[in-house]
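Numbering (the numbering used here), first residue to last: 137 to 200.
Yeah, the Cβ is synthetic: ideal placement off N, Cα and C, and Gly gets one too.
Keep in mind it's a predicted model, so treat the numbers as computed, not measured.
Here the structure is laid out as C-alpha cells; the discussion comes afterwards.
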Ligand code: SF4
C-alpha cells in the first residue's frame with residue numbers, strides 16, 4: 137500500500153496524524169501532512185489510513 141498526501145490541498149488540520157500517527161505526521165517546515173506507510177502492514181493500520189482519507193476535509197490523502 138502506498139499513501140501520499142497532496143500538499144497543495146492539505147490545510148494541516150492534523151486529523152490524519154491523530155488517527156494514524158505511525159503513518160501521518162505534520163511537517164514542522166510547512167505545517168502540512170506527510171505520509172510514510174512503509175511500516176503500515178497491519179489490518180488496523182491500513183483501515184486507519186482509509187479512515188484518514190475519508191475524513192480528510194480536503195481529500196488530500198491518496199491510497200494506492
Ligand atoms: S486530514 Fe487532510 S488536510 Fe488534515 S492534515 Fe491530514 S492531509 Fe492535511
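- Classified as exposed, residue 147 has fewer than 16 neighbouring CB atoms from the shown chains inside 10 Å of its CB.
- Residue 199 has its CB no nearer than 7 Å to any heavy atom of ligand 1.
- With 16 or more other Cβ atoms inside 10 Å of its own Cβ, residue 184 counts as buried.
- Put simply, the backbone Cα of residue 179 is about 24 Å away from that of residue 142.
- Residue 169 has its CB nearer than 7 Å to a heavy atom of ligand 1.
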